[in-house]
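Everything on this sheet refers to the single structure shown next.
Protein chains in written order, with the working numbering: chain P, 1092 to 1563; chain B, 14 to 386.
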């Protein structure tokens, strides 16, 4: 069930109505657990056992970790839980990729690889709930949480339907304590959630989907389009992926708010970032936090010599890229971001030693912003391109942009490509500005929520356009 | 220019520039505002005609194109109007202008209107005619009622699939939200009751698309200001298309198998009577003669289907279909794109054949028989 469909609207209304009509939290949690499984099963009921399996593995692993007599034993159980869960993820998501890569390597070496690819269906959202399972058992190991006695509570956390299939990835330490508290209907939270949901609805159905309709044909056959059109397509994807993912996250957070739960923000206007370090503090915050806490820091983080820190950054970003999908394109994307982050860290270290010359602040700011966003913009190309060859074709087209004809520029939807991004980044993202000019009125909020939903309906792109991050 | 994007952008700004006030917000208050707002929206929606709201849709553009064609001929009320209501086979296979010329040269002037749409189901075809009639000016409507109107409905096996099968395809989602008015959704549901596959569920796609139509979902997704409606012609010849099949295999298949006398599993075209009845209910005064026509085909299953429908029609009913002599002329590989669609050279031949058929059955077609339509 995609959030912007009638079936989800019906499901949400029924779930909310039943949820808040129950008086006892224990029954609300049970209802939520069933609703979670129903939501997941709507995609494909065959994967409900998989989801239940991940919950069971997490549940028993945490208890084994907690009850272990020695730290070494705890570590062993933690490792076993991680290996098992990552193994499940690896099988469903990466088996064919690695088999294919191995096959290519064998054949390049002159051998013959006799195996064929496996028929594996990728379960929706597997990357998200597996990472949450790992977050949970790691938190128990680090004694930041005690192992959850109540299976249903753990199931609600791991399978929480608002964020089940496309995040945000919630740390166990953030969400499980909320499950322990008594739920009371908070009308302020409800309306904050409604605002977030309405914003996300506009982002996804109006901006992201309409950009997608423009972008998809260009990325499907980049060689058939003029350089200016290819540039428009790349710019369109730069906007699409943000609005798509940020929109979905906002809707997920909004739905969680309706149920009385808080979820962390997943985006903080990333196209305001003036450095790669800043970008990764604003983009897919839940994933970058998870990678920092469970990969970068365990690898050693920034302890030790600089080359060690850079190594850890590269490994983290490579695996972060691989998390997005079983494709060399994603690995390249992760690698380039990793290199850019290392360069950023090196630059900061060098500057901290004191430079004789510094650019004037506004110049430095503009320069940093343009450089950062240029890197981000270019990195989205291999991320979206169907294959490596297409990515090269697009880069080649961009290289010819200045010398080629711009006659087709008038056919591009420039307003759609540019205005929503500018407004989101420089007006909405400017918190002091919006706070200064805000109208404080309950009725105004009700009216704007309604207007946003109606506008979303009138301007939405029809034809199914799933959330980009569903494929992860 | 996609200037209408400013509307959702302004709404987005409004959403972020409003915050809850010092008083405790109220769900009842919000519900009152939302229900009132939705009612006002509903009233506004009801006042805006679909022809204006969905002016960029395929149906509207086709209708506009044929209206312009009709209006170009000032003397059209004095001659019969022949409406072709077919599939992609007719879209690429019949040149309306050439057909008009052939009829005129034979002393039978007529205005040919082509409402052919790829993949259109019965409900969509009904809607297309509704839109055409609603788009006529009052004097034009009156003139049409006094003109002899012949509706030629193409016989095509795909129409036999239940009318809602196309709703699952993305490319038809935009079309569905235009034609699935309450009346059409109900017709689609009734037609579906005749489906031989009771386990298929029409309710969800019908409901979703009907609600999308009622709430004008996506009406402004192109973000452009309404302007002059761009027409879509009724004939698209396949000029440079390379053949997409094995001619010798299909032709040999046709030659090798004798036509069976009945089709396996039920009768074809289960909705054609309901479709005709619905057509009579909606346009009863307008359509004077409603007949089927079947285009030449190389697909054996299509030929069987055409033959079986022929057998089901009441005695004396007219159906235009190619005979053995006509098929001999079509037995040339260069005429065909695939077993169903002809290329441009084939379209010239098909048009010539159809003109000859219309002329052969002229007296029957010019009889007014709304009771048997």
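Don't be surprised by glycine CBs; every beta carbon is placed ideally from N, CA and C.
Query                                                                                                                       : Result
Own chain residues within Cβ distance below 8 Å of residue 13(B), not counting five before or after                         : It is not possible to answer for residue 13(B), since the shown part of chain B is limited to 14 through 386.
Backbone secondary structure at residue 277(B) - three-state DSSP                                                           : Its pLDDT being 47, under 50, residue 277(B) is placed unreliably in this model, and the value from its coordinates should be taken loosely. If DSSP states are grouped into helix, strand and coil, residue 277(B) belongs with coil.
Cutoff 8 Å; reference residue 1568(P); Cβ partners in own chain excluding five residues on either side                      : One cannot answer for residue 1568(P) here, as it falls past the ends of chain P, which runs 1092 to 1563.
Cβ-Cβ separation, residue 1488(P) to residue 1318(P) (assumed contact under 8 Å), whole Å                                   : 4 Å
Residue 386(B) versus residue 100(B) - alpha carbon distance                                                                : Any reading at residue 386(B) needs caution, since the residue's pLDDT is 44, under 50, leaving its predicted position unreliable; the model's value is listed next. Roughly 20 Å between the two C-alpha positions.
Reduced DSSP category for residue 248(B) - H, G, I as helix; E, B as strand; rest coil                                      : coil
CB of residue 366(B) within 8 Å of CB of residue 356(B), strictly                                                           : no
Segments of 4+ residues assigned as alpha helix (DSSP H) that fall wholly inside the region 1130 to 1183 of chain P         : 1139 to 1158
Closest by C-alpha distance to residue 246(B), when choosing among 49(B), 74(B) and 372(B)                                  : 74(B)
Proximal residues, the region 1507 to 1526 of chain P versus chain B, C-beta separation under 7 Å                           : 1507, 1510, 1511, 1514, 1518, 1519 and 1525
Any chain P beta carbon closer than 8 Å to residue 234(B)                                                                   : yes
8 Å contact criterion, which residue 232(B) and residue 67(B) should meet: CB distance rounded                              : 6 Å
C-alpha gap between residue 1441(P) and residue 237(B), whole angstroms                                                     : 51 Å
Given residue 330(B) as reference, the closest of 305(B), 344(B) and 342(B) once Cα atoms are compared                      : 305(B)
Backbone secondary structure at residue 1540(P) - three-state DSSP                                                          : helix
Neighbour-count burial assignment, residue 1184(P), 16 or more Cβ in a 10 Å radius                                          : buried
Inter-residue spacing [alpha-carbon to alpha-carbon] between residue 278(B) and residue 325(B)                              : Residue confidence for residue 278(B) is low, a pLDDT of 44 falling below 50, so the modelled location carries little weight; the figure read from the coordinates is stated next. Their Cα atoms are separated by approximately 15 Å.
Closest by C-alpha distance to residue 20(B), when choosing among 1418(P), 1431(P) and 1514(P)                              : 1514(P)
Bridge partners - residue 349(B), DSSP secondary structure assignment                                                       : 355(B)
Cα-Cα separation between residue 1421(P) and residue 1346(P), rounded to whole angstroms                                    : 30 Å
Neighbour flag for residue 140(B) against chain P, beta carbons, 8 Å                                                        : no
Minimum Cβ-Cβ distance from residue 372(B) to chain P less than 8 Å                                                         : no
Residue 1551(P) (DSSP reduced to helix, strand or coil)                                                                     : coil
First through last residue of the alpha helix (DSSP H) which encompasses residue 1341(P)                                    : 1318 to 1349
is_contact[residue 136(B), chain P] using C-beta, thresh 8 Å                                                                : no
Whole-Å CB distance - residue 1367(P) paired with residue 1279(P), under 8 Å assumed                                        : Rounded, the Cβ-Cβ distance is 36 Å, inconsistent with contact.
CB contact check: residue 1533(P) to chain B, cutoff 8 Å                                                                    : yes
Residue 1098(P), DSSP secondary structure in three states                                                                   : helix
Residues bridged to residue 95(B) [DSSP beta-bridge criterion]                                                              : 125(B) and 163(B)
Proximity of residue 1296(P) and residue 1539(P) at Cβ, strictly below 8 Å                                                  : no
Alpha carbon of residue 42(B) to alpha carbon of residue 36(B), nearest angstrom                                            : 12 Å
Under the three-state DSSP convention, the category residue 305(B) falls into                                               : strand
Under 8 Å between C-beta atoms of residue 1262(P) and residue 1218(P)                                                       : no
Given 8 Å, three or more beta-carbon pairs between the region 159 to 170 of chain B and the region 90 to 108 of chain B     : yes
Any 3 or more C-beta pairs closer than 8 Å across the region 1309 to 1317 of chain P and the region 1372 to 1391 of chain P : no
Coil, strand or helix - residue 1237(P) by DSSP                                                                             : coil
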